[in-house]
Ligand SMILES: [Fe+2]
């Protein structure tokens, strides 16, 4: 069994809630699809937990933005990224400061696992955004109707299963092409040999599908389970509103899940 988490976005309350649920299920291995930081009020604390608790993380566009520079960010997102950088640059403990920047600097764009799930031998890819452009491209559910070529080229690059985050919208893309919401699948997707899938596991710290609960997924044998969890978003909102350089919109959207 392993868990996959993504898009924490410096939201410590959501991350604590998700880690607790993972522990409760006895899951020992956690992989992270990036965007540990950005938007939220607790970049240090979230980095500490991700470094300590996950096997690895891949590079998200917000991790990249803090480490290098924001690309195609709106003003509020850009400001959050500059604030995050200042927080990490002014950490007094030199060891800790080095730890954060080294972690961010060593993130790979993609991880691959050749493994067995139950009796099924498979190749699992893990990226932040899309198989074709692992850091920045948005794969939207609507693309299966409006942009068939885009979906087709994604699947050409997927050996069997690819896990993604980035849009903060959980669900499963199939190469028919089609997109299925977790609830349409009874919150579980069975991995089968003959079917390629790109699986978005949703966002821990800033869900955008109209459901404000934290989202993550875990894999047991050959099934991917989608999980949603209520967390104390009001506490996160309060913290964001107290930090001048973080736009209140980042707080408002946590309640609405958008
Ligand atoms: Fe994100």
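In our numbering, the protein residues as written are 1054 to 1311.
Backbone N, C-alpha and C define an ideal beta-carbon position, used for all residues, glycine too.
Annotation for residue 1303 indicates a beta carbon at 7 Å or more from all heavy atoms of ligand 1. Around ligand 1, the residues selected by a Cβ distance under 5 Å to any of its heavy atoms are 1060 and 1088, following chain order.
In summary, residue 1199 is exposed, with fewer than 16 beta-carbon neighbours lying within 10 Å of its beta-carbon over all protein chains present. Shown here, residue 1071 sits in a helix according to DSSP, grouped into three states.
For residue 1211, there is no enclosing alpha helix (DSSP H), as DSSP marks it with neither H nor E. In terms of CA proximity to residue 1211, 1228 leads the group 1075, 1228 and 1130. Taking residue 1169 as reference, the option from 1311, 1283, 1275 and 1149 with the minimal CA-CA separation is 1275. Between residue 1257 and residue 1267 a beta carbon distance of about 5 Å is seen, short of the 8 Å cut, so the two are scored as contacting.
Per DSSP, residue 1126 is not a residue of any beta strand (DSSP E), being assigned neither H nor E.
Counted as a single uninterrupted DSSP element, the alpha helix (DSSP H) harbouring residue 1149 occupies residues 1147-1158. Secondary structure note for residue 1167: its beta strand (DSSP E) is the uninterrupted segment 1163-1170. Ranked by how close their Cα comes to the Cα of residue 1103, the residues 1153, 1128, 1131 and 1074 have 1153 in first place. Counting the other Cβ atoms within 10 Å of the Cβ of residue 1066 gives 16 or more, which makes it buried.
Distance from the CA atom of residue 1084 to the CA atom of residue 1187, rounded to whole angstroms, is 16 Å. Shortest Cα-Cα distance from residue 1165 to any of 1107, 1191, 1216 and 1156 involves 1216. By the beta-carbon neighbour count (other beta carbons within 10 angstroms, threshold 16), residue 1202 is exposed. For the pair residue 1232 and residue 1253, the Cα-to-Cα distance works out to about 10 Å. With contacts defined as CB atoms closer than 8 Å, residue 1093 and residue 1062 qualify as a contacting pair.
Using a Cβ distance threshold of 8 Å, residue 1159 and residue 1111 do not count as a contacting pair.
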